[in-house]
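Read in the working numbering, the sequence shown has 833 at position 277, and its numbers run on one by one without any break.
Note sheet for the following structure.
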Amino acid sequence: MSAAAPLVASQSQHARSAAELRARIDDIVAASDTVQGARPQVLELLRDALARGREEARAQLRLKRDGFICARALAANMDDLIHATHHFVTAHLYRTHNPSSGERIGVAAVGGYGRGTLAPGSDVDLLFLMPSKRTAWVESVVEAMLYLLWDLRLKVGHSTRTIEDCLREARGDMTIRTALLEARHLVGDRPLFADMEKRFRKEIVEGTASEFVQAKLAERENRVDRAGHSRYLVEPNVKDGKGGLRDLNTLFWIAKYVYRVQDPKQLVKAGLFSRDELSLFERCEEFLWRVRCHMHFATGRAEERLSFDMQRLIAPEFGYAAHGGLSAVERFMKRYFLIAKDVGDLTAIVCAALEAREAKPRAMLDRIMGRLRRRQPTRIDNPDFAVETNRLTIARQDVFERDPVNLIRLFHLADKHNIAIHPHAIRRVTQSLHRIDRALRANPEANQLFLDILTSRRSPEVVLRRMNESGVLGKFIPDFGRVVAMMQFNMYHHYTVDEHLIRTIGVLAEVDAGRLEAEHPLANKIMPTLANRRALYVALFLHDIAKGRPEDHSIAGAKVARKLCPRLGLSAAETDTVVWLVTYHLTMSTIAQSRDLSDPKTIESFANIVQSLERLKLLLVLTVCDIKAVGPGVWNGWKGQLLRTLYYETEVVLTGGHSGVERKERVRLAQAALRERLPAMSDDAFAAYAARHYPAYWLKVDLEQKVKQHALLASVDEGPRKLASAIATDAFRGVTELTVLAPDHPRLLSIVTGACAAAGANIVDAQIYTTTDGWALDTISISRAFDRDDDELRRAERVTRTIEQALQGEVHAGRLVRERHKPRSHAKTFDVAPEVIIDNALSGRFTVIEVSGLDRQGLLYDLTSAISKLNLNIGSAHIATFGERAVDSFYVTDLTGGKIENANRQNAIRKHLLEVFHEEPHLARSA
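Structure, rendered in structure tokens:
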């Protein structure tokens, strides 16, 4: 199917040919006393040929920038080695001067190697073909060849079969059938191989196209599910992921099986592809091969996941540099995702052609193309469109030429009737994208149709994704087109920007339909009360649309919204709302995760930004959808609780209920609520207990916690112990709370954080309360590790035991961490400039120190240790991690309880905390 590409001219070029290798082997054997004695030298010859071949292939990869040249060169080099190995074994080790009928063997390449392509770390898949049954000679030859190949450290997948074995196995196993479909004769008995090929086509392939297609597409679905269903995952699997090489392999296997073609170029003559589509197929395959070969060479193994560290290594190999607000890595990955999208388009084309041939069941096509929820209608009230096999299609070929609005109307009808779109119609759409011009973008009807799709109560995510994959969305909304396939080089975002935006609409539609009440109770409650539903959908669609620009994406996105909203038909008031939401779309999340929500100044500052209850509602729902759509595991109950707390506290201010007097009243009510739960206490005793706590404690801690903490304090008051702890699990918030009661001292929090890290606990929040009589009552929230409460409680007990041992001086927290943790690998991959912000305006009582930088093992411990050494008291700590970026906020006072006002002192604090990021990482922030 393919020939070895020309390689770098060198003296070793001739030594790599099979003929030269055979001659060299003959010379080695002739010069040796025995054939077995020649084996070490033969092995060294082959090892040298293998190494030289790999070096030349890698040089060609960099010189020609062509993945096929590299993959074919590696396969040709392997062909030479197989030829030479076979020659040594059959001509010298087990030579037969007059072979019997049973002393025949053919060696074939199968699988990917059978196609004449090989990646540097790929398995070498071989079929040893026998005429009838195993003989001692055949077994000896196969064993000797395999041992030579294994001694070359090659990963060899092999089978030894007769023709009957091959046919029998192929009937019952689609993997074997596919491998034989790709079989290529290498060396040995050619007539035997030709007979196998002939019988395979006649007895296995003929009449089984539908069976094979269904099996291959089902296999593809399972593979994609394992590798990650979206083709827009930011660390994609180049081989097995959606839009990867295996998808292209599957397309060609199907084409080869159904259309009986031997080369992709024959797909045009077969009518499957146009010349442009064939060119696209070849470009996609070459690009993916180039990426894969670079990955294997860089790692020295069969690495298929294009991880962040791989992306940074490979982007320069493709000639990418930073430009226009995007880094070299982001530009390279944008190209990758555009290629993955093209692979999806080719998949749709092949599926449509197969259905037309009736080689493929319709149900499988629906799984590949995506389907909507309820039974499709049988009739569309529009003469330009029709329903074919329960899918929406065009009624005539010129529907988009006659009326370009039909390019939007097609998707509007699909949404309106909950009907899947026929791949033939999508193919015509992609061929008509040039008709989406300035006139169509300005067309009022087209914009109204799009707005209806975006704000649909049915399946807007499904339809928007089809619009995006067909190219319509990026052409109709050019600013959206700029972020198509754009990734962000960080560990926080799991998807490309366009995929993230579409997923946020999907989450919003779920909230809108009331399907997420259990997970998002407040957003679910708020949604029906919104007066600006359309504005919320548009704002969510636009909130990240300006990513990748030099300007802050919130500011630039607001400008895009200001221009686009009137075009879509939004009123001036709706436009203002969208612009405001895009501008402040990160604000609520940032404040909730990094500020002390019990501090009145935090709430008042946020209320001044929001200004109205409607905006507060809109921002809450937008924030929930944004975080939820970032990726699996990013949203958790803890973040939900923080957002709800911020919402309810701000609601009080916006409705006019918050004041200093009201705060005192809230303290009094909180104390009264606890008094009711402690009926056995005398009034004097309770009054004395209430006086032990400052107002912040009464306002922030919930009633159940207050009851438990009263018992904790009582246990210390009544006994000789000067240390106590308690555990509470919270499955809904996804955290476990550890409460530690100990005599107050400045290094308390740093010891606790170090002990948590040493015990493998990831801290997400820390609330530090000090009693008026010198006790510290610290509540540490750690990420939940187990679903079952009993497992989580056992783990929490181990953590608290470590904390108590550290506080009692039985173990040294820092030493424990050093022993148990190693530096994270991503520290070499990402570059996050550290920053320390000191602000006295964010709190009425505390100075807020916000520290951000590259997260690493040991960071939180190091920061809290540095703060304690600076003679600062920590009132509360708020820990947030966005992928590789840590953002930790500490509410601090000096030892007298005052704010840090002196500029020189602030500079000293800033200097010492920045030094933490430049020190050798030696301790653990979290597990």
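Even for Gly, the Cβ is constructed at its ideal location relative to N, Cα and C.
Which residue's Cα is closest to the Cα of residue i: the options?
{"i": "Ala1511", "options": "Gly1193, His648, Glu738 and Glu762", "result": "No statement about residue 1511 is possible, as the shown extent of the chain runs from 557 to 1483 and does not include it."}
{"i": "His852", "options": "Pro1390, Val1404, Pro676 and Leu601", "result": "Pro676"}
{"i": "Arg1014", "options": "His973, Arg994 and Ala981", "result": "His973"}
{"i": "Asp865", "options": "His850, His879 and Gly1275", "result": "His850"}
{"i": "Leu869", "options": "Val1388, Met701, Phe888 and Val1040", "result": "Phe888"}
{"i": "Glu659", "options": "Leu1072, Trp693, Gly1439 and Ile964", "result": "Trp693"}
{"i": "Leu1297", "options": "Ala1332, Leu619 and Ala1436", "result": "Ala1332"}
{"i": "Ser1445", "options": "His642, Asn793, Gly1414 and Val1392", "result": "Val1392"}
{"i": "Arg621", "options": "Glu791, Ser688, Ala739 and Phe874", "result": "Phe874"}
{"i": "Ile1394", "options": "Gln1361, Gln1364, Gln1462 and Ala1442", "result": "Gln1462"}
{"i": "Gly1330", "options": "Leu1269, Gln770 and Phe749", "result": "Leu1269"}
{"i": "Ala942", "options": "Leu910, Ile977, His879 and Arg958", "result": "Ile977"}
{"i": "Cys1312", "options": "Gly1414, Ser1150, Val591 and Asn1458", "result": "Gly1414"}
{"i": "Cys722", "options": "Val697, Tyr703, Pro687 and Thr641", "result": "Pro687"}
{"i": "Thr945", "options": "Arg965, Arg958, Pro979 and Ile964", "result": "Pro979"}
{"i": "Arg947", "options": "Asp971, Ile964 and Arg997", "result": "Asp971"}
{"i": "Arg938", "options": "Gln1261, Gln953, Ile1465 and Leu966", "result": "In the sequence on display, residue 938 carries Asn and not Arg. The candidate whose alpha carbon is nearest that of Asn938 is Leu966."}
{"i": "Gly986", "options": "Phe1006, Val1019 and Asn1024", "result": "The residue you asked about is not Gly; residue 986 is Thr in the sequence shown. Cα-wise, what sits closest to Thr986 is Asn1024."}
{"i": "Phe829", "options": "Ala908, Leu969, Leu844 and Leu685", "result": "Ala908"}
{"i": "Pro1390", "options": "Leu1372, Asp1411, Gln953 and Gly1400", "result": "Asp1411"}
Would you give the residue range spanned by the beta strand (DSSP E) that residue i belongs to?
{"i": "Thr1437", "result": "Leu1428 to Phe1438"}
{"i": "Thr1335", "result": "Trp1331 to Ser1339"}
{"i": "Asp832", "result": "Here Asp832 belongs to no beta strand (DSSP E); instead the alpha helix (DSSP H) covers Arg831 to Thr855."}
{"i": "Ile1394", "result": "Glu1391 to Asp1395"}
{"i": "Gln1323", "result": "Ile1319 to Thr1326"}
Residue j and residue i - do their beta-carbons sit closer together than 9 Å?
{"i": "Gly1104", "j": "Leu882", "result": "yes"}
{"i": "Asp1035", "j": "Ala1095", "result": "no"}
{"i": "Ile1324", "j": "Ser1432", "result": "yes"}
{"i": "Leu1126", "j": "Ala1087", "result": "no"}
{"i": "Tyr1001", "j": "Val961", "result": "Reading the sequence as shown, one finds Glu at residue 1001 and not Tyr. Going by C-beta atoms, Glu1001 is nearer than 9 Å to Val961."}
{"i": "Leu710", "j": "Leu599", "result": "no"}
{"i": "Met634", "j": "Gly609", "result": "yes"}
{"i": "Ile950", "j": "Arg984", "result": "yes"}
{"i": "Leu674", "j": "Ala627", "result": "yes"}
{"i": "Ile975", "j": "Ser1026", "result": "no"}
{"i": "Val1116", "j": "Ala1163", "result": "no"}
{"i": "Ile1058", "j": "Leu1020", "result": "yes"}
{"i": "Gly1290", "j": "Ser1238", "result": "no"}
{"i": "Ala640", "j": "Ile581", "result": "yes"}
Residue range of the alpha helix (DSSP H) that residue i falls in?
{"i": "Thr1060", "result": "Val1053 to Asp1068"}
{"i": "Tyr1253", "result": "Pro1251 to Lys1256"}
{"i": "Asp1450", "result": "It is not in any alpha helix (DSSP H) - Asp1450 instead sits in the beta strand (DSSP E) that spans Arg1441 to Asp1450."}
{"i": "Gly1409", "result": "Per DSSP, Gly1409 belongs to no alpha helix (DSSP H); it is in the beta strand (DSSP E), Thr1403 to Leu1410."}
{"i": "Arg1354", "result": "Asp1345 to Leu1363"}
{"i": "Lys1031", "result": "Val1028 to Phe1032"}
{"i": "Ala579", "result": "Ala574 to Ala587"}
{"i": "Ala1095", "result": "Arg1089 to Leu1098"}
{"i": "Ala1459", "result": "Ala1459 to His1474"}
{"i": "Thr806", "result": "Leu801 to Tyr815"}
{"i": "Leu1175", "result": "Leu1169 to Lys1184"}
{"i": "Tyr876", "result": "From DSSP, Tyr876 is part of no alpha helix (DSSP H); its letter is neither H nor E."}
If you scan the region 936 to 997 from start to end, which runs of the beta strand (DSSP E) of 3 or more residues do you find wholly inside it? Uninterrupted beta strand (DSSP E) stretches at least 3 residues long and entirely within the region 936 to 997 occur at 941 to 944 and 947 to 950, given in chain order.
Please list the segments of the beta strand (DSSP E) lying wholly inside the region 686 to 723, counting only runs of 3 or more residues, in order along the chain. Assignment of beta strand (DSSP E) within the region 686 to 723, counting only whole runs of 3 or more residues, yields 712 to 718 in chain order.
Check whether the region 731 to 738 touches the region 665 to 681, taking contact to mean three or more Cβ pairs, one atom from each stretch, closer than 8 Å. They touch, by the three-pair rule.
Could you tell me which whole alpha helix (DSSP H) segments of length 4 or greater appear in the region 1102 to 1161? DSSP assignment within the region 1102 to 1161 yields the following whole alpha helix (DSSP H) runs of 4 residues or more, N-terminal first: 1109 to 1124, 1128 to 1139 and 1143 to 1150.
The region 1276 to 1292 contacting the region 1344 to 1364, beta-carbon criterion three pairs below 8 Å: Verdict: yes, contact present.
Identify every run of the beta strand (DSSP E) within the region 725 to 760, keeping only runs that are complete inside it and at least 3 residues long; order them along the chain. Complete beta strand (DSSP E) runs here, min 3: 740 to 744.
Ignoring anything shorter than 3 residues or poking outside the region 615 to 683, list the beta strand (DSSP E) runs there in chain order. Residue ranges of uninterrupted beta strand (DSSP E) with 3 or more members, entirely inside the region 615 to 683 and ordered along the chain, are 662 to 665.
Below 8 Å, how does it come out for the region 1167 to 1178 and the region 1076 to 1089: are there three or more Cβ pairs, yes or no? Contact between the region 1167 to 1178 and the region 1076 to 1089 is present, because at least three Cβ pairs lie under 8 Å.
Within 8 Å, do at least three Cβ pairs link the region 855 to 865 to the region 1010 to 1026? By the Cβ rule, the region 1010 to 1026 does not count as touching the region 855 to 865, because fewer than three pairs are nearer than 8 Å.
Can you confirm whether the region 1179 to 1198 touches the region 1130 to 1137 when touching is taken to mean that 3 or more C-beta pairs between the two stretches lie within less than 8 Å? Under the three-pair Cβ rule at 8 Å, the region 1130 to 1137 does not count as touching the region 1179 to 1198.
Scan the region 1236 to 1292 and note each continuous alpha helix (DSSP H) run of 4 residues or more that stays entirely inside, going in chain order. For the region 1236 to 1292, whole alpha helix (DSSP H) runs of length 4 or above, ordered along the chain, are 1239 to 1247, 1251 to 1256 and 1259 to 1274.
For the region 1107 to 1125 and the region 899 to 913, state whether three or more C-beta atom pairs, one from each stretch, are separated by less than 8 Å. Contact annotation: the region 1107 to 1125 does not touch the region 899 to 913, with fewer than three C-beta pairs closer than 8 Å.
Specify whether the region 741 to 753 and the region 649 to 657 touch according to this definition: at least 3 beta carbon pairs, one from each stretch, less than 8 Å apart. No contact exists between the region 741 to 753 and the region 649 to 657.
Assess contact between the region 1194 to 1207 and the region 1139 to 1156, defined as three or more Cβ pairs (one per stretch) separated by less than 8 Å. Is contact present? With a cut-off of 8 Å, the region 1139 to 1156 and the region 1194 to 1207 count as touching, because enough Cβ pairs lie within range.
When you compare the region 1399 to 1413 with the region 1440 to 1456, are there three or more beta-carbon pairs, one atom per stretch, that lie closer than 8 Å? Yes, the region 1399 to 1413 is in contact with the region 1440 to 1456.
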